[in-house]
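Taking numbering that gives the first Met the number 0, the leading residue of the sequence shown gets 0, the next gets one more, and so forth.
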Amino acid sequence: MTLLIAALFLVEFVRGAALISFLPIYGKNELGLELDVIGIATTAHFVTDAVVKLFIGYLMHRFNVRTLVSGGLLLSLAGMLMLGQAELPWVFIVGCAIYGIGISPIWIVCLTRVTEERRATQMGTLYTFWLVGLGVGPVVTNFTLEYSSAITYWILVLASAIALLLSLFIPKRSHAEIDFVPFKRQLALLGDRLKEMKLLLPGMVLQTLGAGMLMPILPSFASDHLGLAPSQYSLLLFIGGGCTAAALIPMGRLADSVGRKWFLVLGFLLFAIALFALTRGPGLGISLMWACVLGASYGAVLPAWNALLAAYVPPGQKGLGWGVFSTVESIGSLLGPSIGGVLAASLGEPAAVGSAGAIFLVIGVFYVLFPFRLFRGEWSAGDAAR
0 MTLLIAALFL VEFVRGAALI SFLPIYGKNE LGLELDVIGI ATTAHFVTDA
50 VVKLFIGYLM HRFNVRTLVS GGLLLSLAGM LMLGQAELPW VFIVGCAIYG
100 IGISPIWIVC LTRVTEERRA TQMGTLYTFW LVGLGVGPVV TNFTLEYSSA
150 ITYWILVLAS AIALLLSLFI PKRSHAEIDF VPFKRQLALL GDRLKEMKLL
200 LPGMVLQTLG AGMLMPILPS FASDHLGLAP SQYSLLLFIG GGCTAAALIP
250 MGRLADSVGR KWFLVLGFLL FAIALFALTR GPGLGISLMW ACVLGASYGA
300 VLPAWNALLA AYVPPGQKGL GWGVFSTVES IGSLLGPSIG GVLAASLGEP
350 AAVGSAGAIF LVIGVFYVLF PFRLFRGEWS AGDAAR
């Protein structure tokens, strides 16, 4: 598990650096690509990531952990090398797609190690490592991009190579702790669970849609609308990510002990308010304050949300369960970058950010009215009162 977490940190370091900073800036400034092309490339990344996750339960039964993770990381390294030669838009898009295939297995493998007794707490811990990597990547990238895009690119290649090297030390006998159930039977069981949680499905899609809309436009929004230099944008990301990482574990413990409804409601509403506030073009100090609000609200949502989903993963089918749920959530990630890129290209970055804020506002209001008492075993009448 230590090797998996170390590799996950490096994988998310590269993913955060690439998707949030390097590829939007490199694609726009060095390759001359439009924001809609960058959005489509980001969507391609999430499409392939989602497809692999859909079949991850089958793959985890057929292959040991080392083969699955190291094979994926080899593909991610190949995709990153391809992006360095992306002189044509289609090469840029295909490179992002291959990269998405490669990074998909490691996250699901880590999720299968979470125990039932302390789901929110352990989810908070796992998300802390994930988020620190995801947050540090853009921060480092924005500083190095001020000096050289080539140096930045080779840092990402090196980190990808080290993650691959670490995965080769995973014991060959290591297997995911899942029981074998015929694939059709697993799909039938997951179909039953999806029917039970059908009221959750809109939130699963909309929250990733809103987040996906922001991904290809954040660097240009920060520079063109907020007037931030790359180093100031790095500081913004560092503060937001730091607040999230600091909030994850305590928020997870609180959610385990006092109930999760209002963590979801307040988290989504505060996220929406912060995005609306940023569209007004505040100065650096106020922007940093709202970045802190964004980070803390995200830290409140993540453990509660994923603990809630974990209650619907059939025992012994964690690979397939998390794969299907991740695929459902990825629908928003597939559409979001393209929608955000098109909105930014046609109406401007503030309109795209404001639209994402409206989506999070809708989710927050939805969960105020959401009948949490209907959840079997996960919510009681006392939870509803909370």
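Glycine residues also receive a C-beta, built at the ideal position from the N, C-alpha and C atoms. Since the model is a prediction, treat every value here as computed from it, not as a measurement.
Spatial distance of residue i from residue j (CA atoms)
| i | j | result |
| --- | --- | --- |
| Ala-344 | Gly-26 | 14 Å |
| Ile-100 | Val-51 | 6 Å |
| Leu-200 | Asn-305 | 13 Å |
| Leu-293 | Ser-69 | 34 Å |
| Trp-261 | Ala-295 | 14 Å |
| Ile-330 | Ile-358 | 15 Å |
| Leu-9 | Leu-73 | 13 Å |
| Val-300 | Phe-21 | 27 Å |
| Phe-365 | Ser-103 | 30 Å |
| Phe-220 | Ser-233 | 13 Å |
| Pro-218 | Asn-28 | 11 Å |
| Leu-307 | Leu-7 | 23 Å |
| Lys-194 | Leu-368 | 19 Å |
| Thr-61 | Val-108 | The residue asked about is misnamed: residue 61 is Arg in this sequence, not Thr. Their backbone Cα atoms lie some 13 Å apart in a straight line. |
| Gly-284 | Trp-129 | 27 Å |
| Tyr-297 | Ala-355 | 14 Å |
| Ile-362 | Leu-268 | 8 Å |
| Phe-12 | Gly-134 | 7 Å |
| Gly-78 | Gly-240 | 26 Å |
| Leu-346 | Met-250 | 37 Å |
| Leu-32 | Pro-215 | 12 Å |
Buried/exposed call for residue i, threshold 16 Cβ in 10 Å
| i | result |
| --- | --- |
| Ala-228 | exposed |
| Asn-141 | buried |
| Ser-230 | exposed |
| Ile-19 | buried |
| Arg-14 | buried |
| Gly-83 | exposed |
| Ala-384 | Confidence at Ala-384 is low in this model, with a pLDDT of 31, below 50, so the placement of that residue should be treated as unreliable; the coordinate-derived value is given next. Per the 10 Å Cβ criterion, exposed. |
| Glu-409 | Any answer about residue 409 is impossible in this case: the structure gives the chain only from 0 up to 385. |
| Leu-342 | buried |
| Thr-1 | exposed |
| Gly-282 | exposed |
| Gly-202 | buried |
Beta-carbon contacts of residue i that lie in its chain and below 8 Å, excluding the five residues immediately before and after
| i | result |
| --- | --- |
| Arg-65 | Ser-166, Leu-167, Ile-169, Pro-170, Lys-171 and Ser-173 |
| Glu-328 | Met-203, Val-204, Gln-206 and Thr-207 |
Same chain only: Cβ atoms within 7 Å of residue i, ignoring 5 sequence neighbours per side
| i | result |
| --- | --- |
| Thr-127 | Ala-244, Leu-247 and Ile-248 |
| Ala-16 | Gly-136, Pro-137, Val-139, Thr-140 and Leu-155 |
Close beta carbons around residue i, own chain, < 6 Å, minus the five adjacent residues each side
| i | result |
| --- | --- |
| Thr-47 | Ala-96, Gly-99 and Ile-100 |
| Pro-349 | His-224 and Thr-278 |
| Leu-30 | none |
| Leu-360 | Ala-271 |
| Arg-375 | At Arg-375 the pLDDT is 42, less than 50, meaning the model places this residue with poor confidence; the figure from the coordinates comes in the next sentence. Cβ neighbours of Arg-375 beyond the five flanking positions: none. |
| Leu-396 | An answer regarding residue 396 cannot be provided, because it is not within the stretch 0 to 385 covered by the chain. |
| Gly-132 | Phe-8, Glu-11 and Phe-12 |
Proximity test, residue i beta-carbon vs the ligand ATP heavy atom, cut-off 6 Å
| i | result |
| --- | --- |
| Trp-289 | With respect to the ligand ATP, the structure shown offers nothing to examine, as it has no ligands at all. |
Hey, is the region 54-65 in contact with the region 141-159, meaning 3+ C-beta pairs nearer than 8 Å? no
Length at least 4, wholly inside the region 335-375: the alpha helix (DSSP H) runs in chain order: Runs found: 348-367.
Suppose only complete runs of 4+ residues qualify. What are the alpha helix (DSSP H) ranges in the region 5-58, listed by chain order? 34-53
Counting only runs of 4+ residues fully inside the region 211-261, write out the alpha helix (DSSP H) ranges in chain order. 229-257
Check whether the region 33-46 touches the region 154-164, taking contact to mean three or more Cβ pairs, one atom from each stretch, closer than 8 Å. no
Would you mind listing the alpha helix (DSSP H) stretches within the region 255-305 that are 4+ residues and don't spill past its ends, in chain order? 260-277
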